[in-house]
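> One structure follows; several queries about it will come next.
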Amino acid sequence: MKFIVLLFTVLLQRQTKHQGYQRNNAWYLRLLKPFELTEMSTKGQLAVYLALVILPCFAISFGLSLLGGVFGSMASIVIQVLLFLYILGRDDFSSRFKDYKNCWGRQDYQAAYHCAQQFLSVEEHTQSQTPLQLHKSVQHAVVSAWFKRFFVFAFWFIVSGVGGALWCLLTYWFYTQSKGLWVKSLLHAVAWAPVRLLAVSIALAGDFVHSFSTASRFMLDFESDSQTVLHETMFKHDERTDDSFDCTQAMGELEESNQLMQRCAVIWLLVVACLTVFAGF
Numbered sequence: 006m007k008f009i010v011l012l013f014t015v016l017l018q019r020q021t022k023h024q025g026y027q028r029n030n031a032w033y034l035r036l037l038k039p040f041e042l043t044e045m046s047t048k049g050q051l052a053v054y055l056a057l058v059i060l061p062c063f064a065i066s067f068g069l070s071l072l073g074g075v076f077g078s079m080a081s082i083v084i085q086v087l088l089f090l091y092i093l094g095r096d097d098f099s100s101r102f103k104d105y106k107n108c109w110g111r112q113d114y115q116a117a118y119h120c121a122q123q124f125l126s127v128e129e130h131t132q133s134q135t136p137l138q139l140h141k142s143v144q145h146a147v148v149s150a151w152f153k154r155f156f157v158f159a160f161w162f163i164v165s166g167v168g169g170a171l172w173c174l175l176t177y178w179f180y181t182q183s184k185g186l187w188v189k190s191l192l193h194a195v196a197w198a199p200v201r202l203l204a205v206s207i208a209l210a211g212d213f214v215h216s217f218s219t220a221s222r223f224m225l226d227f228e229s230d231s232q233t234v235l236h237e238t239m240f241k242h243d244e245r246t247d248d249s250f251d252c253t254q255a256m257g258e259l260e261e262s263n264q265l266m267q268r269c270a271v272i273w274l275l276v277v278a279c280l281t282v283f284a285g286f
C-alpha cells in the first residue's frame with residue numbers, strides 16, 4: 006500500500022503544482038504560541054513535544070490501522086495521499102528557475118542572486134561572490150531543497166507511514182519555535198539515514214566512480230550534517246577556478262543536477278515497488 010500512496014501522491018503533486026505555493030502551517034504555530042517554547046525548560050519543551058507532535062502522529066497512524074475491508078482500505082489510501090501531499094507541498098519548484106535563467110543569460114549576476122535568494126534561500130554573503138561561487142551555491146541549494154522537500158519525508162513515510170512523515174514535518178516546525186538544542190540534535194538524527202541513502206542513490210544514478218567512495222565514507226559517520234554529505238558526494242571533484250569557469254554551461258549543469266535528483270526519486274520508487282511485490286511491504 007505504501008507504494009500506491011507514494012506513487013499517487015507524486016503524480017498528484019506533479020499535476021497540482023502551483024508556483025509560489027506556501028504550505029499553511031499557521032494553524033500549528035497558533036497551537037504552539039501560548040506555550041512560549043523559547044522560555045521553557047527542556048522538560049517543559051519535551052512535554053509539549055509529546056502532546057503536540059508525538060501523540061497526534063501516533064493517533065493518525067493508529068486510526069489508519071483500524072480501517073479495514075475494501076472501503077476502509079480505499080478510505081485509508083485517500084486520507085494518506087491527501088495528508089502526504091500536504092506534507093510534501095505543491096510548490097512548483099522547477100518553474101522557479103525561469104527568472105534565474107533569464108538573469109544569468111543576461112549576465113546580470115546580481116539579479117540572479119536575488120532570484121536565487123527568493124526561492125532557494127541562498128546565503129546573503131553569496132551576493133559578493135564571483136559567478137562561479139554563486140553557481141556552486143545555487144547548485145548546492147537545489148540539491149538541499151530536493152532533500153528537504155521530498156527525500157527526507159519519503160524516507161520516513163516508507164519507514165513508518167504517513168504518521169512518520171508528519172512527525173518529521175512537525176518536528177521541524179517545533180524546532181523553528183523552540184530553538185532547543187535537543188530538537189536540533191533530533192533533527193540531525195531524523196536526517197542521518199535518509200541523507201546517506203540519498204548519497205548512495207546519487208552515486209548509482211550519477212558518477213558512480215567518483216561519488217560512491219565518498220558516499221560510503223559517510224555511512225558510519227555520525228557527525229557530518231546532511232549538507233556536508235550531499236555536497237561532498239555530488240561536488241567534491243569540482244576543481245574549477247573563476248578563470249576556467251564557462252558561464253554558458255551553468256544552466257545545463259543546474260538542469261543536470263535537477264535531473265539527477267529526479268532519477269534518484271525514481272530509484273526510491275523502484276525500490277519500494279520491489280519491496281511491495283517481493284516482500285509484501
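Residue 6 is where the sequence shown starts when you use my numbering, and the numbers rise one by one after that. All C-beta atoms, glycine included, are put in the ideal place defined by N, C-alpha and C. On a predicted model such as this, the values are computed, not experimentally measured, just so you know.
Are at least three pairs of beta-carbons, each pair with one atom in the region 217-232 and one in the region 170-180, less than 8 Å apart?
no
> List the residues that DSSP assigns as beta-bridge partners of residue 96.
23
> Return the chain-ordered list of same chain residues with a C-beta closer than 7 Å to the C-beta of residue 42, the five sequence neighbours on each side being excluded.
50, 53, 182, 183
> If you reduce the DSSP assignment to three classes, tell me which class residue 1 lands in.
The chain is shown only over 6 to 286; residue 1 falls outside these bounds and no answer can be derived.
> Identify whether residue 261 lies in helix, strand or coil by the three-state DSSP scheme.
DSSP places residue 261 in helix when its eight states are reduced to three.
> What does the alpha-carbon distance come out to for the pair residue 131 and residue 113?
Note that residue 131 scores 47 on pLDDT, short of 50, meaning its location in the model is unreliable; the coordinates nonetheless yield the value given after this. Between residue 131 and residue 113, the C-alpha separation is close to 14 Å.
> Taking its Cβ as the centre, do 16 or more other Cβ atoms sit within 10 Å of residue 279, making it buried, or is it exposed?
exposed
> Please check the pair residue 171 and residue 88, which I expect to be a contact at CB under 8 Å, by giving their CB distance rounded to whole angstroms.
7 Å
> Please name the residue in 58, 95, 108 whose C-alpha comes closest to that of residue 252.
Comparing Cα-Cα distances from residue 252 to each of 58, 95, 108, the minimum goes to 108.
> Residue 3 by DSSP, collapsed to three states: which one?
Residue 3 lies beyond the residue range present for the chain, which begins at 6 and ends at 286; the question has no answer from this structure.
> What is the rounded straight-line gap between the Cα of residue 11 and the Cα of residue 274?
8 Å
> With a 10 Å radius around its C-beta and 16 neighbouring C-beta atoms as the bar for buried, classify residue 269 as buried or exposed.
By the 10 Å Cβ count, residue 269 comes out buried.
> Going by CA-CA distance only, name the one from 190, 265, 13 that's closest to residue 204.
265
> Going by DSSP, what residue range makes up the alpha helix (DSSP H) through residue 35?
31-37
> Taking C-beta to C-beta, are residue 216 and residue 208 nearer than 7 Å?
yes
> Measuring only the C-alpha atoms, how far is residue 154 from residue 46?
31 Å
> If you compare alpha carbons, which of 103, 104, 62, 285 is closest to residue 85?
62
> Threshold first: 4 residues or longer. Then list the alpha helix (DSSP H) segments lying entirely within the region 150-184, N to C.
DSSP runs (the alpha helix (DSSP H)) wholly in the region 150-184: 157-183.
> Work out the CA separation of residue 74 and residue 3 for me, nearest whole Å.
The structure shown has nothing for residue 3, since the chain only spans 6 to 286.
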